[in-house]
Every structure is written in C-alpha cells, then in structure tokens.
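Engineer:
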Amino acid sequence: VQLVESGGGLVQAGGSLRLSCAASGSIFGINRMAWYRQAPGNERELVASITRSGSTDYSDSVKGRFTISRDNAKNTVNLQMNDLNPEDTAVYYCHIGELLSGVDYWGKGLLVTVSS
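All the letters of the sequence shown, read from the start, carry residue numbers 350 to 465 under the numbering used here.
1. Measuring alpha carbon to alpha carbon, tell me which of 441, 427, 400 ends up nearest residue 448.
2. From this set, 415, 376, 356, which residue's C-alpha is nearest residue 398's C-alpha?
3. Would you please verify whether the beta carbon of residue 385 is less than 8 Å from any beta carbon of chain B?
4. Which residue comes first and which comes last in the beta strand (DSSP E) that contains residue 380?
5. Does DSSP put residue 354 in a helix, in a strand, or in coil?
6. By how many angstroms is the C-alpha of residue 464 removed from the C-alpha of residue 452?
7. Does the separation of the CB atoms of residue 353 and residue 375 fall below 8 Å?
8. Between the Cα of residue 462 and those of 456, 422, 428, 441, spot the shortest distance and give me the residue it belongs to.
9. For residue 439, count neighbouring Cβ atoms within 10 angstroms of its own Cβ and tell me buried if that reaches 16, exposed if not.
10. Tell me which same chain residues have a C-beta within less than 6 Å of the C-beta of residue 380, skipping the five on either side of it?
11. My output table needs one value for residue 453: the three-state DSSP class, helix, strand or coil.
12. Buried or exposed: residue 372, going by 16 or more other Cβ atoms within 10 Å of its Cβ?
Right under this line is the structure:
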C-alpha cells in the first residue's frame with residue numbers, strides 16, 4: 350500500500366492550502382483516514398480524522414478553519430486548510446487504517462510553512 354500526498358508548500362498567514370492523499374495498492378477498503386502534523390520539537394498530533402461513514406473529528410486548534418473530506422471510491426482524503434497561521438507550520442502526514450487487516454499506513458509527510 351502506498352500513500353501519495355500532495356499540496357504542501359509556503360503560504361502567508363490568512364491564506365489557504367489543500368492537502369490531498371491518495372492510497373493505492375492492495376486495499377480492500379479503508380476504515381479511518383486522518384491527517385496528523387508534527388512541528389519542530391513537538392510530538393506528532395492529530396489534526397483531523399474521518400470515518401468511512403463520514404464522521405469527522407478535529408483538534409481544537411483547527412476547528413472552524415480546516416475541513417477533512419474523503420472519497421471512498423477513489424481512496425483519497427483531503428484537508429482544506431483556511432485562515433492559516435504560523436502555528437500551523439509543520440510536516441503533515443496522511444494516515445489510513447486498512448479495513449480488513451487493520452494495518453495502519455503513513456504517508457511520507459508534506460511540509461506546510463505559514464509565514465507571518
């Protein structure tokens with residue numbers, strides 16, 4: 350199973366970015382999909398998650414600014430990030446839980462830098 354992430358980069362405070370992650374390989378279905386992030390010197394933290402049925406969960410720091418969505422047919426998950434601020438600067442990681450095996454997979458990470 351491979352996770353291919355796209356959409357990171359540099360943006361000014363107040364701007365927007367959209368992260369995408371596409372899963373491919375021997376996938377029989379994906380349960381939970383999520384985005385995590387890790388800022389320098391910090392532990393990896395959950396940003397947002399979405400279940401197969403579409404239930405979402407967000408960290409308090411991004412509620413109202415970020416939106417997670419998924420396409421079960423295409424095995425993709427997106428993260429729309431609006432009103433970005435410098436505290437959002439981090440490497441963002443896509444994460445999926447494969448439905449039948451229960452195995453977790455991680456993407457390689459995308460650097461998001463928000464300048465003030």
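Note that the Cβ used here is the ideal one computed from N, Cα and C, for glycine as well.
Structural biologist: Working from what's here:
1. Comparing Cα-Cα distances from residue 448 to each of 441, 427, 400, the minimum goes to 400.
2. Among 415, 376, 356, the Cα nearest to that of residue 398 belongs to 415.
3. Absence of chain B from the displayed structure is noted, only one protein chain being present.
4. Segment 379–387, the beta strand (DSSP E) holding residue 380.
5. Strand.
6. Just so you know, the alpha carbons of residue 452 and residue 464 end up roughly 36 Å apart.
7. For residue 353 and residue 375, no; Cβs fall outside 8 Å.
8. Taking each of 456, 422, 428, 441 in turn and checking the Cα distance to residue 462, the smallest one comes out for 441.
9. So residue 439 ends up on the buried side.
10. Contacts found: 401, 446, 448.
11. DSSP, reduced to helix, strand and coil, places residue 453 within a strand of the structure shown.
12. Around the CB of residue 372, 16 or more other CB atoms lie within 10 Å, so the residue is classed as buried.
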